[in-house]
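Worksheet: one structure, shown below.
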Ligand SMILES: Nc1ncnc2c1ncn2[C@@H]1O[C@H](COP(=O)(O)OP(=O)(O)O)[C@@H](O)[C@H]1O
Ligand SMILES: [Mg+2]
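Residue numbers (this note's numbering), protein chains in the order written: chain A, 2 to 362; chain B, 6 to 238.
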């Protein structure tokens, strides 16, 4: 191992090529991951705002709120299950809003009953606005939004971060939501006492997964956690399959780059390795050195790659949905180091075959 | 117990009509504090004998015992451990690790097999470098050393793990007579001073006086030569 590290320190130039290649791959992984996370997070704000709650849909809806319908009897039945503290309505409709600057935005209008860790209790009259609108159109508390085809005025009571669902969202009480939908799109209004989805507030310390299973055993009911609901969204599924395909391919390229580099450098070092074997090095000693080099090179590439990605993402237009999530960076770090170790082990066969007698002559 | 016992050792290179018999049923015993000089013309099989004795190469047939242990049937892993602990090899071509300093070239053989480089190892490396007249050269890379200095580092590396058997291949072939004499003086004092066994291969007449005994090899066959007259100054 000492040999590997010393070689790296004394002859860094030999490792420049693989270092640069790995850095580029780290940038690619980080930016791709950033897009994947950005796209997903920008689609799922309303669900993540219900972290720690359960979302209930009708069984046929495949957990999609726009297809789901639950009636009052079902709501009552849910409220009686052990572990349920409160049941609230959740409804949504695609709509438009014009901000005070006159621009007309696509929005999703939500009606809701229960406060969450993110959402304040529904304002009796006004609305909670997604801060995506605050950023793009300077919407602030106290402004009036003109919502829907029938120009319903809604006063912004507060602005809350990270609530987007593709478009910005606006949140009003269930009553207000029904009023607005009734005048702007009566055909879309669920019948009296029917809601699209329900939100379950569990008793403190309840096991969410167990409670979800309990509730789902009721006929016609599908209860999921926020992340379960997110996984059901077709847009999320499609994006992650596509991006995960590209990310997987990038890892394969990383593996090949590292494997090829160390295969070549091992060829160059056959004479040296033969001498080391002749003076007592085992294959294990030599492989430990090679893998240590792979780990060091990938660590440097990760630092450089993350730095470059950060700069790159900052110069991208602000409306591109890229987000750097710490867990994603951690995953890339582990993935790249692991891939490099595996790649370096491809030289094992070659190193095993080196004959110490080649040290002579 | 003798340091090295070779009996009926045969080494044949190549196959079929290309065959070269490099060792032709060689018998050789080296006592545990004996310094043996092995002479013979180029191509007579001297290097092959060292290579077989140092477990770098398996003989075609015959038995090789080092410290009483048969080494011809060691597997690769055991052979590596044997080379690390039981023999010190000085190659004709020196073969230092180019990106390690003189001191690190000594220390590195300590680390093989997962051992730690501890204070004792560092002390031993420094002491060896001192004895070899390289006290101020420990931090130099091989490229910053002369031919004679590199040769001495290679000797230090061979002695680092305190092997009971030292095998040295033509230590003076690349050195002028003054340097050659220096290196041989050093080798003799290191080897005799430690009381270990050694085989020094040479075809250099100047070296003949240095050993306890001298054997000659011609065409893969050993014949004893007149005992060397001990004349070291
Ligand atoms: N790896 C090898 N393959 C084939 N023939 C070899 C090999 N090594 C040495 N020989 C042959 O074996 C004979 C002995 O070689 P060697 O032991 O190197 O002799 P010396 O060290 O006395 O010069 C020579 O004829 C040489 O050509
Ligand atoms: Mg030779």
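C-beta atoms are modelled at their ideal positions from N, C-alpha and C, and glycine is treated no differently. Note that this is a predicted model, so its numbers are computed, not measured.
7 Å Cβ cut-off: residues of chain B touching residue i
i	result
residue 8/A	104
residue 283/A	82, 85, 117, 118
residue 273/A	102
Under 9 Å by beta carbon: chain A residues contacting residue i
i	result
residue 109/B	3, 4, 7
Simplified DSSP assignment, three categories, for residue i
i	result
residue 77/B	coil
residue 49/B	coil
residue 37/B	coil
residue 259/A	helix
residue 81/A	coil
residue 341/A	helix
residue 333/A	helix
residue 267/A	helix
residue 55/B	helix
residue 10/B	strand
residue 111/A	strand
residue 132/A	helix
residue 152/A	coil
residue 182/B	helix
residue 120/A	coil
residue 15/B	strand
residue 68/B	strand
residue 24/B	coil
residue 24/A	helix
residue 187/B	helix
residue 4/A	helix
residue 157/A	strand
residue 87/A	strand
residue 352/A	helix
Interface flag, residue i vs chain A, CB-CB below 9 Å
i	result
residue 207/B	no
residue 90/B	yes
residue 62/B	yes
residue 162/B	yes
residue 133/B	no
residue 146/B	yes
residue 25/B	no
residue 29/B	no
residue 21/B	no
residue 174/B	yes
residue 122/B	yes
residue 59/B	yes
residue 97/B	yes
residue 238/B	Because residue 238/B carries a pLDDT of 41, less than 50, the predicted location of this residue cannot be relied on, and the following value inherits that uncertainty. Not an interface residue.
9 Å Cβ cutoff, residue i in contact with chain B
i	result
residue 280/A	yes
residue 11/A	yes
residue 286/A	yes
residue 164/A	no
residue 318/A	no
residue 357/A	yes
Interface residues of chain A facing residue i [CB-CB closer than 7 Å]
i	result
residue 100/B	276, 360
residue 113/B	3, 4
residue 56/B	358, 361
Separation of residue j from residue i, as counted between CA atoms
i	j	result
residue 236/B	residue 8/A	Low local confidence applies: a pLDDT of 45 at residue 236/B is under 50, so the model's placement there is unreliable, with the coordinate-based value given in what follows. So the alpha carbons of these two residues sit roughly 44 Å apart.
residue 312/A	residue 174/A	42 Å
residue 337/A	residue 326/A	17 Å
residue 171/A	residue 236/A	21 Å
residue 128/A	residue 255/A	49 Å
residue 75/A	residue 149/A	30 Å
residue 20/A	residue 42/A	32 Å
residue 103/A	residue 157/A	16 Å
residue 234/B	residue 214/B	Note that residue 234/B scores 49 on pLDDT, short of 50, meaning its location in the model is unreliable; the coordinates nonetheless yield the value given after this. When rounded, the distance between both Cα atoms is 6 Å.
residue 206/A	residue 151/A	44 Å
residue 105/B	residue 198/B	28 Å
residue 160/B	residue 273/A	17 Å
residue 221/A	residue 110/A	26 Å
Short CB-CB distance (under 9 Å) between residue i and chain D
i	result
residue 322/A	Going by chain labels, chain D is absent from the structure shown, which instead holds the protein chains A and B.
**OP:** Within the stretch 76 to 145 of chain B, note down every full beta strand (DSSP E) run reaching 3 residues or more, in order along the chain.
**Re:** Those beta strand (DSSP E) runs which fall completely within the stretch 76 to 145 of chain B and span 3+ residues are 92 to 95.
- Tell me the start and end of each unbroken beta strand (DSSP E) in the stretch 196 to 228 of chain B that is at least 3 residues and wholly inside, in chain order. 202 to 207, 218 to 223
- request: Give, in chain order, every unbroken run of the alpha helix (DSSP H) that is at least 4 residues long and sits entirely within the stretch 182 to 260 of chain A.
  value: 209 to 217, 227 to 232
Original post:
Which runs of the beta strand (DSSP E) fall wholly inside the stretch 26 to 69 of chain A and span at least 3 residues, in chain order?
Top reply: 55 to 59
| query | Along the chain, which unbroken stretches of the alpha helix (DSSP H) at least 4 residues long are found entirely within the stretch 265 to 333 of chain A? | reply | 271 to 279, 284 to 316
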